[in-house]
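Protein chains in written order, with my numbering: chain L, 93 to 424; chain A, 93 to 424. Every residue, glycine too, gets a C-beta built ideally from N, C-alpha and C. All figures in this text were calculated on a predicted structure; none of them were measured in a lab.
2 protein chains.
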Amino acid sequence: MNHPHVAIVGATGAVGVEMLLCLEQRNFPLSKLKLLASARSAGKKMTFRGEEITVEELTHDSFGDVDIALFSAGGGISLEYGPSAAAAGAVVIDNSSAFRMDADVPLVVPEINPEAAKNRPRGIIANPNCTTIISLMALAPLHAAFGLRSIIASTYQAVSGSGAQGIVELEEQMKAIASDQPFTPKIYPRQIAFNVIPQVDAFTDNGYTKEELKMLNEGRKIMDLPELRVSCTCVRVPVYRSHSVSITAQFERPVDVAAARAAYEGRPGVNVVDDPSAKLFPVPLDTTGKDDCLVGRIRKNLVFDNALDLWVVGDQVRKGAALNAVQIAEIL
Amino acid sequence: MNHPHVAIVGATGAVGVEMLLCLEQRNFPLSKLKLLASARSAGKKMTFRGEEITVEELTHDSFGDVDIALFSAGGGISLEYGPSAAAAGAVVIDNSSAFRMDADVPLVVPEINPEAAKNRPRGIIANPNCTTIISLMALAPLHAAFGLRSIIASTYQAVSGSGAQGIVELEEQMKAIASDQPFTPKIYPRQIAFNVIPQVDAFTDNGYTKEELKMLNEGRKIMDLPELRVSCTCVRVPVYRSHSVSITAQFERPVDVAAARAAYEGRPGVNVVDDPSAKLFPVPLDTTGKDDCLVGRIRKNLVFDNALDLWVVGDQVRKGAALNAVQIAEIL
Numbered sequence: 093m094n095h096p097h098v099a100i101v102g103a104t105g106a107v108g109v110e111m112l113l114c115l116e117q118r119n120f121p122l123s124k125l126k127l128l129a130s131a132r133s134a135g136k137k138m139t140f141r142g143e144e145i146t147v148e149e150l151t152h153d154s155f156g157d158v159d160i161a162l163f164s165a166g167g168g169i170s171l172e173y174g175p176s177a178a179a180a181g182a183v184v185i186d187n188s189s190a191f192r193m194d195a196d197v198p199l200v201v202p203e204i205n206p207e208a209a210k211n212r213p214r215g216i217i218a219n220p221n222c223t224t225i226i227s228l229m230a231l232a233p234l235h236a237a238f239g240l241r242s243i244i245a246s247t248y249q250a251v252s253g254s255g256a257q258g259i260v261e262l263e264e265q266m267k268a269i270a271s272d273q274p275f276t277p278k279i280y281p282r283q284i285a286f287n288v289i290p291q292v293d294a295f296t297d298n299g300y301t302k303e304e305l306k307m308l309n310e311g312r313k314i315m316d317l318p319e320l321r322v323s324c325t326c327v328r329v330p331v332y333r334s335h336s337v338s339i340t341a342q343f344e345r346p347v348d349v350a351a352a353r354a355a356y357e358g359r360p361g362v363n364v365v366d367d368p369s370a371k372l373f374p375v376p377l378d379t380t381g382k383d384d385c386l387v388g389r390i391r392k393n394l395v396f397d398n399a400l401d402l403w404v405v406g407d408q409v410r411k412g413a414a415l416n417a418v419q420i421a422e423i424l
Numbered sequence: 093m094n095h096p097h098v099a100i101v102g103a104t105g106a107v108g109v110e111m112l113l114c115l116e117q118r119n120f121p122l123s124k125l126k127l128l129a130s131a132r133s134a135g136k137k138m139t140f141r142g143e144e145i146t147v148e149e150l151t152h153d154s155f156g157d158v159d160i161a162l163f164s165a166g167g168g169i170s171l172e173y174g175p176s177a178a179a180a181g182a183v184v185i186d187n188s189s190a191f192r193m194d195a196d197v198p199l200v201v202p203e204i205n206p207e208a209a210k211n212r213p214r215g216i217i218a219n220p221n222c223t224t225i226i227s228l229m230a231l232a233p234l235h236a237a238f239g240l241r242s243i244i245a246s247t248y249q250a251v252s253g254s255g256a257q258g259i260v261e262l263e264e265q266m267k268a269i270a271s272d273q274p275f276t277p278k279i280y281p282r283q284i285a286f287n288v289i290p291q292v293d294a295f296t297d298n299g300y301t302k303e304e305l306k307m308l309n310e311g312r313k314i315m316d317l318p319e320l321r322v323s324c325t326c327v328r329v330p331v332y333r334s335h336s337v338s339i340t341a342q343f344e345r346p347v348d349v350a351a352a353r354a355a356y357e358g359r360p361g362v363n364v365v366d367d368p369s370a371k372l373f374p375v376p377l378d379t380t381g382k383d384d385c386l387v388g389r390i391r392k393n394l395v396f397d398n399a400l401d402l403w404v405v406g407d408q409v410r411k412g413a414a415l416n417a418v419q420i421a422e423i424l
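Next up, the structure:
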């Protein structure tokens with residue numbers, strides 16, 4: 093088979109830029125790379141493997157000769173252009189939430205359910221929510237060992253989860269505070285500098301945010317556990333990059349900390365950093381720009397039988413988005 | 093009865109300064125205020141109700157005419173000088189962890205178990221851990237309504253929980269990063285600026301930190317619930333002041349969100365800020381320098397029956413330490 097022709101839709105965005113980087117760093121075998129974005133960004137030049145590529149304007153005719161289209165330009169763009177790309181013969185790997193819960197669209201974390209990518213009646217594969225990917229990278233090995241039953245999670249989510257504008261907002265607030273200037277929050281509902289905000293994404297009727305319900309709905313689909321119970325509190329913290337999640341996980345079978353640590357051995361994409369006696373645990377700075385998620389603070393939960401408390405950290409722009417999409421492209 | 097003679101031990105520390113402020117702001121009726129500290133701080137002058145008071149060196153003879161001694165100078169000082177103060181006839185209100193689990197020392201949150209302060213065979217009353225106080229301020233009204241059974245908590249703890257040196261560490265790291273200078277973490281095991289650290293206080297044998305076990309042990313004692321189960325993950329965040337806690341609480345009886353909100357009505361020291369439709373929820377900046385704890389994000393937990401998820405925020409220097417100690421003095 094010839095190397096595929098790949099397109100990135102939303103190439104100039106935070107995740108798009110990271111997708112380009114992942115394709116380059118992983119020596120992804122491609123015959124041609126097309127960079128697509130809105131009219132506003134068209135004409136910009138980006139470098140890939142030492143060559144300049146001019147960003148083209150996204151249209152419904154952009155996908156005639158494309159084999160794999162990586163979408164990361166928001167749900168609206170995915171809904172409008174994803175089907176066109178699929179109709180033109182491209183396999184769409186979509187980073188938005190637009191198609192994730194569509195029964196005819198597989199939702200894939202390559203280390204967890206790679207086989208799901210094969211059955212894609214709409215020609216679309218969805219990339220899961222970043223916090224969900226990172227949490228499941230920690231939980232899938234434990235599920236294999238003990239049988240996952242429920243998840244209670246509290247998150248510590250970085251501002252780059254809101255794209256480049258989240259980074260700018262934190263930077264600008266830091267500068268304003270340092271120079272004693274007033275400022276008004278723009279993209280977050282409250283000041284994020286030296287503060288934490290217990291709201292990520294919009295609220296739904298039951299008092300949970302969309303982000304919090306993604307862990308439940310996407311978790312069930314990816315893990316193929318329709319009875320899985322998940323309750324989540326998502327919180328934005330003044331960290332630039334990498335999400336952290338504090339998890340209590342209940343299992344079907346008795347748990348053991350040593351066996352839990354051993355369950356990660358040989359598992360790709362996730363490493364254990366967990367030695368309290370040496371003050372070893374993962375923090376967001378450890379995973380920034382890295383592919384692997386890191387798990388630590390593994391201990392027996394003190395409320396429930398068969399339950400563990402743990403702490404997982406991962407770069408949500410990379411494994412939580414761009415890298416996972418490129419890994420899906422690799423298994424095609 | 094004459095107004096009491098009050099002493100503050102550790103008057104120049106972060107909590108000591110706040111105790112002075114609380115005594116002044118609450119018009120605490122006292123006949124005389126003695127400020128005590130180490131030899132290093134003796135001779136400093138502090139202002140109380142417009143008058144200068146010179147800080148004296150703490151000795152075993154400091155308490156001859158003292159009625160109430162507020163200790164906040166670390167566990168070692170409390171262990172060494174607390175019994176001397178009590179033997180001299182002062183009631184000791186100790187902010188350290190030294191005596192908290194002593195069966196002959198009551199552990200008091202005035203809004204929750206004020207009657208416990210009456211029985212103090214050692215002449216010592218202990219002030220609970222800050223995170224525990226803030227969490228229980230949110231849980232006590234719900235316990236009255238539904239019967240508390242278990243707590244799962246993840247915390248977002250401010251650097252001032254480590255005293256003035258925590259504030260200095262975050263400030264210095266921010267400046268170093270802004271000017272692209274290298275720096276080495278001193279009091280925290282990792283960089284705290286633009287990072288979060290899943291370790292507060294020292295690790296114990298079971299993988300939990302001392303801070304995490306305080307919520308269990310102190311929570312049982314304060315709530316008089318010896319069977320209460322608590323599992324906690326304590327995390328330091330780059331916030332200057334006010335701790336936040338994400339809580340999943342299980343109850344004996346069926347729960348209801350409206351009834352939960354109503355349970356706070358008429359309760360002193362805790363207010364509900366919880367209207368998702370108006371994007372209303374508490375954040376640390378809301379409680380900084382304030383007496384009341386704020387509760388929001390109240391919703392039915394999606395894993396367990398009879399369980400609620402909620403978010404509580406409180407100023408840990410005030411309600412979590414200085415204010416609570418002064419409130420104990422007020423009920424004497």
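Less than 8 Å between the CB atoms is what I'm expecting for residue i and residue j, so what's the real figure, rounded?
{"i": "S189 (chain L)", "j": "G168 (chain L)", "result": "Contact flag wrong, Cβ pair sits at about 11 Å."}
{"i": "R353 (chain A)", "j": "V362 (chain A)", "result": "Contact doesn't hold; Cβ gap of about 12 Å is too wide."}
{"i": "V331 (chain L)", "j": "A250 (chain L)", "result": "4 Å"}
{"i": "N186 (chain L)", "j": "F155 (chain L)", "result": "Per the sequence shown, residue 186 (chain L) should be read as Asp rather than Asn. Contact flag wrong, Cβ pair sits at about 13 Å."}
{"i": "F343 (chain L)", "j": "A399 (chain L)", "result": "7 Å"}
{"i": "I243 (chain A)", "j": "M307 (chain A)", "result": "7 Å"}
{"i": "V292 (chain L)", "j": "E303 (chain L)", "result": "4 Å"}
{"i": "V60 (chain A)", "j": "I390 (chain A)", "result": "A question about residue 60 (chain A) goes unanswered here, because the residues of chain A that appear run from 93 up to 424."}
{"i": "T104 (chain L)", "j": "A129 (chain L)", "result": "5 Å"}
{"i": "F191 (chain L)", "j": "V200 (chain L)", "result": "With 8 Å as the limit, F191 (chain L) and V200 (chain L) do not qualify as a contact, their Cβ atoms being about 12 Å apart."}
{"i": "P290 (chain A)", "j": "T325 (chain A)", "result": "7 Å"}
What does residue i pair with, by DSSP beta-bridge criteria?
{"i": "S246 (chain L)", "result": "L:T325 and L:S338"}
{"i": "G406 (chain L)", "result": "L:H335"}
{"i": "N363 (chain L)", "result": "L:L386"}
{"i": "A161 (chain L)", "result": "L:A99 and L:V184"}
{"i": "T139 (chain A)", "result": "A:E144"}
{"i": "R391 (chain L)", "result": "L:D401"}
{"i": "F343 (chain L)", "result": "L:L240"}
{"i": "E149 (chain A)", "result": "A:A129"}
{"i": "L372 (chain A)", "result": "A:D367"}
Within 10 Å of its beta-carbon, does residue i have 16 or more other beta-carbons around it, so buried, or fewer, so exposed?
{"i": "Q283 (chain A)", "result": "buried"}
{"i": "A253 (chain L)", "result": "Reading off the sequence shown, one finds Gly at residue 253 (chain L), where the question assumed Ala. Flag for G253 (chain L) reads buried."}
{"i": "K411 (chain A)", "result": "buried"}
{"i": "G388 (chain A)", "result": "buried"}
{"i": "T151 (chain A)", "result": "exposed"}
{"i": "E207 (chain A)", "result": "exposed"}
{"i": "Q117 (chain L)", "result": "exposed"}
{"i": "L424 (chain A)", "result": "exposed"}
{"i": "K313 (chain A)", "result": "buried"}
{"i": "R345 (chain L)", "result": "exposed"}
{"i": "R141 (chain A)", "result": "exposed"}
{"i": "D378 (chain A)", "result": "buried"}
{"i": "D157 (chain L)", "result": "exposed"}
{"i": "G108 (chain A)", "result": "buried"}
{"i": "A369 (chain L)", "result": "For the record, residue 369 (chain L) in the displayed sequence is Ser; it is not Ala. Under this definition S369 (chain L) is an exposed residue."}
{"i": "L428 (chain L)", "result": "Outside the shown range of chain L, which is 93 to 424, sits residue 428 (chain L), and nothing can be said about it."}
{"i": "R48 (chain L)", "result": "Examination of residue 48 (chain L) is not possible in this model, given that chain L is present from 93 through 424 alone."}
{"i": "D397 (chain A)", "result": "exposed"}
{"i": "A413 (chain L)", "result": "buried"}
Q: Taking only runs that begin and end inside the stretch 199-247 of chain L, name each unbroken beta strand (DSSP E) of 3 or more residues, in chain order.
A: 216-218
Q.
Using a Cβ distance threshold of 8 Å, determine whether the stretch 215-234 of chain A contacts the stretch 192-204 of chain A, with at least three qualifying pairs required.
A. yes
Q) At what residue ranges does the stretch 252-315 of chain L contain a whole run of the beta strand (DSSP E), taking only runs of 3 or more? A) none
Q | Unbroken stretches of the alpha helix (DSSP H), 4 residues or longer, contained in the stretch 105-133 of chain L | A | 106-117
Q: Specify whether the stretch 93-102 of chain A and the stretch 274-288 of chain A touch according to this definition: at least 3 beta carbon pairs, one from each stretch, less than 8 Å apart.
A: no
(Q) Using 8 Å as the cut-off, can you tell me whether the stretch 212-227 of chain A makes contact with the stretch 174-183 of chain A, which would need three or more C-beta pairs spanning the two stretches below that distance? (A) yes
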